[in-house]
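Residue numbers (the working numbering), protein chains in the order written: chain A, 5 to 219; chain B, 18 to 204.
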């Protein structure tokens with residue numbers, strides 16, 4: 005051992021402060037998701053038209069789409085907490101993949117049924133741009149809150165953690181959107197939803213290193 | 018490394034998390050060969066291996082709260098060592114792309130006249146002013162590594178900056194001082 009390294013070890017061990025080990029990632033993810041669920045419930049019960057939503061939920065396609073969206077959000081957040089630890093394999097990033105496929109598949113089926121909305125002026129964009137803004141506007145603050153929860157881990161590979169965090173919060177925002185979205189998605193809607201999710205993921209990825217207090 | 022030593026390392030790390038400094042010092046000394054072996058897979062030069070191994074120890078120190086005593090210690094340590102080795106390799110590639118190594122740049126000469134460029138700028142007031150004008154991170158790197166003559170490891174432990182970050186800060190600081198003093202500051 006060189007003198008310099010020995011000196012470093014002595015320096016690190018001298019006056020070592022006790023630290024509180026992080027709680028298991030599933031527990032931290034559950035707590036974070038619990039808080040977001042409470043806030044989301046407040047928004048839904050306070051501002052959405054629940055009677056309309058209850059009428060729509062009987063459509064199995066919508067139920068599948070909602071399940072896929074919610075599961076993608078939950079599983080991506082869990083994956084982000086897992087990946088924030090040094091010894092977790094990158095395969096954790098596949099956790100939300102099946103539910104994401106379910107979400108895309110069910111939305112895609114709706115697109116096939118409705119394809120495009122045609123109005124008096126030809127093809128209409130409909131509510132798509134509002135949906136895009138909704139997902140980004142809800143996704144970004146949620147991403148900041150999630151980054152704050154993940155920062156304590158000092159992820160060594162912040163990129164995948166941030167990408168999973170972005171996917172998680174954007175999916176949760178998309179799930180919340182369904183309570184205010186009284187129509188089936190069209191091709192353009194789905195495209196804009198995915199563009200919004202991608203925007204949040206890209207923003208999260210760009211802010212990964214400073215945002216997650218990484219090295 | 019044997020299974021029993023890996024378990025023992027886990028126990029020592031758990032003790033270190035409670036603030037046991039002697040267990041921690043023993044652990045860091047015992048894992049050093051294991052860390053160096055991982056670093057050597059990515060770096061060949063012995064001094065570089067030592068630099069990266071020190072960086073691994075500093076990283077381990079900063080994220081020691083992320084170790085879960087219920088999980089294998091070597092998987093946790095190995096992931097840190099592997100990750101920091103890759104990061105160091107990336108930094109080296111970036112640095113090598115923009116810098117030229119010049120061993121003679123570090124030489125000084127017995128004949129004072131040969132060092133006239135340096136001597137011309139030994140006006141401490143001017144130099145102090147130029148150092149004071151540096152950004153905080155660069156100023157700290159100059160103060161610790163050049164004025165206090167600390168080693169990289171000591172400066173890193175004191176400042177909280179990684180060894181790599183200190184090197185970059187010092188490099189930038191020297192270039193800024195060269196610009197401020199008319200390009201005549203030695204490294």
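We put the CB at the ideal spot given by N, CA and C, even for glycine.
Predicted, not measured: the structure shown is a model, and the values here were computed from it.
Check, Outcome
"Contact list for residue 9 of chain A against chain B, beta-carbon separation under 8 Å", "49, 67, 70, 71, 74, 170"
"Assumed close pair residue 65 of chain B, residue 13 of chain A - CB separation to whole angstroms, cut-off 8 Å", "At roughly 19 Å, the Cβ-Cβ gap does not stay under 8 Å, so residue 65 of chain B and residue 13 of chain A are not in contact."
"Buried/exposed call for residue 45 of chain A, threshold 16 Cβ in 10 Å", "exposed"
"Selected residue, minimal CA-CA separation from residue 210 of chain A, among A/164, A/52, A/96", "A/164"
"Same chain only: Cβ atoms within 6 Å of residue 85 of chain A, ignoring 5 sequence neighbours per side", "29, 32, 33"
"Segment limits, alpha helix (DSSP H) that includes residue 192 of chain A", "191-210"
"Contact set between residue 97 of chain A and chain B, taken where Cβ atoms lie within less than 9 Å", "Here the premise fails: no neighbours, minimum Cβ distance about 15 Å."
"Enclosing alpha helix (DSSP H) for residue 60 of chain A [first to last residue]", "54-60"
"Limits of the unbroken alpha helix (DSSP H) element including residue 4 of chain A", "Here chain A covers residues 5 to 219 and nothing more, so residue 4 of chain A does not appear."
"Spatial distance of residue 55 of chain A from residue 61 of chain A (CA atoms)", "10 Å"
"Short CB-CB distance (under 8 Å) between residue 176 of chain B and chain A", "no"
"For residue 157 of chain B, the three-state DSSP class (helix, strand or coil)", "helix"
"Environment of residue 174 of chain B [buried if 16+ CB atoms lie within 10 Å]", "buried"
"Check: residue 92 of chain A C-beta below 7 Å from any heavy atom of the ligand SAM", "Within the structure as shown, the ligand SAM is missing, as the structure has no ligands at all."
"Closer than 9 Å at the beta carbon, the chain B residues around residue 86 of chain A", "The contacting residues do not exist; residue 86 of chain A stays about 12 Å from chain B at best."
"Chain A contact residues for residue 186 of chain B, given Cβ-Cβ distances below 8 Å", "Chain A residues near residue 186 of chain B: none, gap ~15 Å exceeds 8 Å."
"Closer than 7 Å at the beta carbon, the chain B residues around residue 42 of chain A", "Those within 7 Å of residue 42 of chain A in chain B number zero; the least Cβ separation is about 27 Å."
"The segment 96-107 of chain B: positions lying closer than 8 Å to chain A by Cβ", "96, 97, 100, 101, 104"
"Reduced DSSP secondary structure (H/G/I, E/B, other) of residue 93 of chain A", "coil"
"Residue 23 of chain A - DSSP class collapsed to helix/strand/coil", "coil"
"N- and C-terminal bounds of the alpha helix (DSSP H) containing residue 162 of chain B", "Note, residue 162 of chain B: premise wrong, no alpha helix (DSSP H); not H, not E."
"Expected contact under 8 Å - CB spacing of residue 26 of chain A and residue 33 of chain B to nearest Å", "Wrong, their Cβ atoms sit about 15 Å apart, outside the cutoff."
"Near-chain B residues of the segment 147-163 of chain A (beta-carbon distance less than 8 Å), N- to C-terminal order", "156, 157, 158, 160, 161"
"Listed by chain order, chain A residues near residue 45 of chain B by CB distance under 8 Å", "13, 16, 17"
"Cα-Cα separation between residue 73 of chain A and residue 102 of chain A, rounded to whole angstroms", "11 Å"
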